[in-house]
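Enquirer: Please read through the structure below; I'll follow up with questions.
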Amino acid sequence: MLYEFKRGETAVNCSKNICEAFGDNIVTIRMCQRWFKKFRDGDFDLCDKQRSGRPQSVDDNVLKQMVKENPRQTSRELAERLSVDHTTVLDHLHKLKMVSKLEVWVPHELTQKNLVDRYTACVELLSRNENDPFLNRIVTGDEKWVLYNNVKRKRYWSEIGDESLTIAKPNRYSSKIMLCCWWDCKGVLYYELLKPGETINSELYCQQLDKLNDAIKIKRPSLINKKGVIFHQDNARPHVAIKTQAKIKQLGYEILTHPPYSPDIAPSDYYLFRCLQNHLNGKKLNSFDDVKTCIDDFFQSKPTKFYEKGINKLVERWRTVINNNGNYVVDK
Numbered sequence: 004m005l006y007e008f009k010r011g012e013t014a015v016n017c018s019k020n021i022c023e024a025f026g027d028n029i030v031t032i033r034m035c036q037r038w039f040k041k042f043r044d045g046d047f048d049l050c051d052k053q054r055s056g057r058p059q060s061v062d063d064n065v066l067k068q069m070v071k072e073n074p075r076q077t078s079r080e081l082a083e084r085l086s087v088d089h090t091t092v093l094d095h096l097h098k099l100k101m102v103s104k105l106e107v108w109v110p111h112e113l114t115q116k117n118l119v120d121r122y123t124a125c126v127e128l129l130s131r132n133e134n135d136p137f138l139n140r141i142v143t144g145d146e147k148w149v150l151y152n153n154v155k156r157k158r159y160w161s162e163i164g165d166e167s168l169t170i171a172k173p174n175r176y177s178s179k180i181m182l183c184c185w186w187d188c189k190g191v192l193y194y195e196l197l198k199p200g201e202t203i204n205s206e207l208y209c210q211q212l213d214k215l216n217d218a219i220k221i222k223r224p225s226l227i228n229k230k231g232v233i234f235h236q237d238n239a240r241p242h243v244a245i246k247t248q249a250k251i252k253q254l255g256y257e258i259l260t261h262p263p264y265s266p267d268i269a270p271s272d273y274y275l276f277r278c279l280q281n282h283l284n285g286k287k288l289n290s291f292d293d294v295k296t297c298i299d300d301f302f303q304s305k306p307t308k309f310y311e312k313g314i315n316k317l318v319e320r321w322r323t324v325i326n327n328n329g330n331y332v333v334d335k
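In my numbering, each residue's number is its place in the sequence shown (first place is 1) plus 3.
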């Protein structure tokens, strides 16, 4: 622009010549007019002048350390500490390949005692299995609510600025049935669906254990007659009631150690029920019979290796809990 000015060109011609040489919209007529006014006033300095406002330079190493110390800081909070604009912080965060993520929900805020209990239990279980493998003796079970209307959110493409499509969130009080299921490394041993509105208690749970025991005698006689059942359940109140404990002892089952607040090392929670829910997603079931048919189809469609994989994952998850010093296994 200074060259064009000294050649006596107008600001309009200057803009035209530069755009012809370097590409459209490189400079605007308005920009050339501002610089030409500056030149006419005798100011030929082409360097940036010191301006008021926040400095725009950020040390990436300093920024990275700040984020490491407290990853929950917002870009504006980081910008305030660095005395720069928050857009500058965002640019540098992107350059460092950092992204903003939502925190992952965990079942419980673990206390120090919870952490110790989980760590200790997993060390003992892992050591025992290494010395005397017992995963093929585990019978595990739990309960799950099955909704009649299983809404599934789907991604879709839209133009920028379009309003988001909406879908009704499932009502927590909508029609649902409780599924009670027990399984091992070879498949489902016994399950039942409770009547609509019915929930589990220790008396009903003991009755179910008798039915489970009958099923084991038929499907896994070696567990009853030779190896012995290692029974895994969580610490829900009906499971740990005095009456329930007496029933389990009467059946001759060994209870596998399971620390409180630990669904991440319960095979039904981290594996079977998660897969079942994926099967249910998007399905609208109209009756009790529909629910039963859908669950039957799911269980029967899975080969033995599917159930074996779910039980065998225990070893990997015990190790992860140990490596995490008792903290939760976070599934990605």
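For glycine and all other residues, C-beta sits at the position ideal for the given N, C-alpha and C.
Output the boundary residues of the beta strand (DSSP E) element that contains K145.
Expert: Counting from 1 along the sequence shown, the entry for residue 145 is found at position 142. Here residue 145 turns out to be Asp, not Lys, going by the sequence shown. Note, D145: beta strand (DSSP E), I141 to L150.
Enquirer: Would DSSP call G11 helix, strand or coil?
Expert: Position 8 of the sequence shown, counting from 1, holds the residue named residue 11. G11 falls in the coil class under three-state DSSP.
Enquirer: Compute the Euclidean distance between the alpha carbons of Y193 and D120, then round it to the nearest angstrom.
Expert: Sequence index remark: in the sequence shown, residue 193 carries index 190 (1-based). Sequence index remark: in the sequence shown, residue 120 carries index 117 (1-based). Rounded to the nearest whole angstrom, the C-alpha separation of Y193 and D120 is 30 Å.
Enquirer: According to DSSP, is K252 helix, strand or coil?
Expert: Counting from one through the sequence shown, the residue named residue 252 turns up at place 249. Three-state result, K252: helix.
Enquirer: Closest to D237 by C-alpha separation, out of N73, M34, S271 and A82, would be which residue?
Expert: By 1-based counting over the sequence shown, the position of residue 237 is 234. The residue with the shortest Cα to Cα distance from D237 is S271.
Enquirer: Check this for me: beta carbons of N117 and Y264, under 7 Å apart or not?
Expert: The residue labelled residue 117 in the question sits at position 114 within the sequence shown. The residue labelled residue 264 in the question sits at position 261 within the sequence shown. A contact, by the Cβ cut-off of 7 Å.
Enquirer: Between which two residues does the alpha helix (DSSP H) containing L279 stretch?
Expert: The sequence position of residue 279 within the sequence shown is 276, counting from 1. Residues F276 to L283.
Enquirer: Round the Cβ separation of Y310 and K189 to the nearest angstrom and send it over; I've been treating them as touching at under 8 Å.
Expert: Within the sequence shown, numbered from 1, the residue matching residue 310 stands at position 307. Within the sequence shown, numbered from 1, the residue matching residue 189 stands at position 186. Going by Cβ atoms, the distance from Y310 to K189 rounds to 6 Å, so yes, they are a contact pair.
Enquirer: Evaluate V142 with the Cβ neighbour count: other Cβ atoms within 10 Å of its Cβ, from every protein chain shown; 16 or more gives buried, anything less gives exposed.
Expert: In the sequence shown, the residue the question calls residue 142 occupies position 139. Buried.
Enquirer: Give me whichever residues DSSP pairs with W185 in a beta bridge.
Expert: Against the sequence shown, residue 185 aligns to sequence position 182. G144 and Y193.
Enquirer: When the Cβ atoms of the stretch 276 to 286 are set against those of the stretch 241 to 251, are three or more pairs found closer than 8 Å?
Expert: no
Enquirer: Are three or more beta carbon pairs between the stretch 288 to 306 and the stretch 87 to 101 nearer than 8 Å?
Expert: Not touching, per the Cβ criterion.
Enquirer: Based on the DSSP output, what are the partners of H235 in its beta bridges?
Expert: Translated into positions along the sequence shown, residue 235 becomes position 232. Bridge partners of H235: T143.
Enquirer: Thinking C-alpha only, which one of K230, I251 and N228 is nearest L215?
Expert: Position 212 of the sequence shown, counted from the start, is the residue given in the question as residue 215. Of K230, I251 and N228, the residue nearest in Cα terms is I251.
Enquirer: Ignoring anything shorter than 4 residues or poking outside the stretch 32 to 97, list the alpha helix (DSSP H) runs there in chain order.
Expert: 32 to 43, 63 to 72 and 78 to 85
Enquirer: Have a look at K9 and I21 and give me their C-alpha separation to the nearest angstrom.
Expert: Here residue 9 is taken as the residue at index 6 of the sequence shown, counted from 1. Here residue 21 is taken as the residue at index 18 of the sequence shown, counted from 1. Approximately 15 Å, taken between the alpha carbons.
Enquirer: Please state if the CB of V61 and the CB of L81 are separated by a distance shorter than 7 Å.
Expert: Position 78 of the sequence shown holds residue 81. Position 58 of the sequence shown holds residue 61. Not in contact: L81 and V61 (Cβ atoms no closer than 7 Å).
Enquirer: Pick helix, strand or coil for E112, following the three-state DSSP scheme.
Expert: Against the sequence shown, residue 112 aligns to sequence position 109. If DSSP states are grouped into helix, strand and coil, E112 belongs with coil.
Enquirer: Please state whether the Cβ-Cβ distance between G329 and Y151 is less than 7 Å.
Expert: Residue numbering aside, residue 329 sits at position 326 when the sequence shown is read from its first letter. Residue numbering aside, residue 151 sits at position 148 when the sequence shown is read from its first letter. Not closer than 7 Å, so no.
Enquirer: In this structure, does DSSP put E201 in helix, strand or coil?
Expert: Reading the sequence shown from its first residue, position 198 is the one you call residue 201. Coil at E201, not helix or strand.
Enquirer: Please state if the CB of L182 and the CB of K147 are separated by a distance shorter than 7 Å.
Expert: The count along the sequence shown starts at 1 and reaches residue 147 at position 144. The count along the sequence shown starts at 1 and reaches residue 182 at position 179. Cβ distance < 7 Å, so K147 and L182 count as in contact.
Enquirer: Please report how far the alpha carbon of I32 lies from the alpha carbon of V15, in whole angstroms.
Expert: Taking the sequence shown and counting its residues from 1, the one referred to as residue 32 is at position 29. Taking the sequence shown and counting its residues from 1, the one referred to as residue 15 is at position 12. Looking at the two C-alpha atoms, the distance is approximately 6 Å.
Enquirer: Rank R43, R37 and R131 by C-alpha distance to the C-alpha of L317 and give the top, closest one.
Expert: As a working note, residue 317 is residue 314 in the sequence shown. For L317, the nearest C-alpha among the options comes from R131.
Enquirer: For I258, which of helix, strand or coil comes out of DSSP?
Expert: Taking the sequence shown and counting its residues from 1, one reaches residue 258 at position 255. Of the three classes helix, strand and coil, the one that applies to I258 here is strand, per DSSP.
Enquirer: Thinking just about the alpha-carbon of each residue, which of H111, Y256 and R75 is nearest to the one in V102?
Expert: Position 99 of the sequence shown holds residue 102. The shortest Cα separation from V102 among H111, Y256 and R75 belongs to R75.
Enquirer: Only counting the same chain, and skipping five residues up and downstream in sequence, which positions put a Cβ closer than 8 Å to that of E206?
Expert: Taking the sequence shown and counting its residues from 1, the one referred to as residue 206 is at position 203. K246.
Enquirer: Please report the distance separating the alpha-carbon of K19 from that of N73.
Expert: Numbered from its first residue, the sequence shown carries residue 19 at position 16. Numbered from its first residue, the sequence shown carries residue 73 at position 70. For K19 and N73, the distance between alpha carbons rounds to 51 Å.
Enquirer: May I ask you to list the residues that DSSP assigns as paired with K179?
Expert: As a first step, residue 179 is located in the sequence shown; it is residue number 176 there, counting from the start. Note: K179 sits in a beta bridge opposite L150.
Enquirer: Are there 16 or more other CB atoms within 10 angstroms of the CB of N306, so buried, or fewer, so exposed?
Expert: The residue given as residue 306 occupies position 303 in the sequence shown. Residue 306 is actually Pro in this sequence, not Asn. Classification of P306: exposed, given that the 10 Å Cβ count is below 16.
Enquirer: Beta carbon of C184, beta carbon of G144: below 7 Å?
Expert: Reading the sequence shown from its first residue, position 181 is the one you call residue 184. Reading the sequence shown from its first residue, position 141 is the one you call residue 144. For C184 and G144, yes; Cβs fall inside 7 Å.
Enquirer: In or out: F234 buried (at least 16 other Cβ within 10 Å) or exposed?
Expert: Indexing the sequence shown from 1 puts residue 234 at position 231. With 16 or more Cβ atoms within 10 Å of its Cβ, F234 is classed as buried.
Enquirer: Since I325 and L129 should fall inside the 8 Å C-beta cutoff, what is the C-beta to C-beta distance between them, to a whole number of angstroms?
Expert: Sequence index remark: in the sequence shown, residue 325 carries index 322 (1-based). Sequence index remark: in the sequence shown, residue 129 carries index 126 (1-based). Yes, they are in contact, since the Cβ atoms of I325 and L129 sit about 7 Å apart, within 8 Å.
Enquirer: Considering K308, what are the terminal residues of the alpha helix (DSSP H) in which it resides?
Expert: Your numbering for residue 308 matches position 305 in the sequence shown. Per DSSP, K308 belongs to the alpha helix (DSSP H) from T307 to N326.
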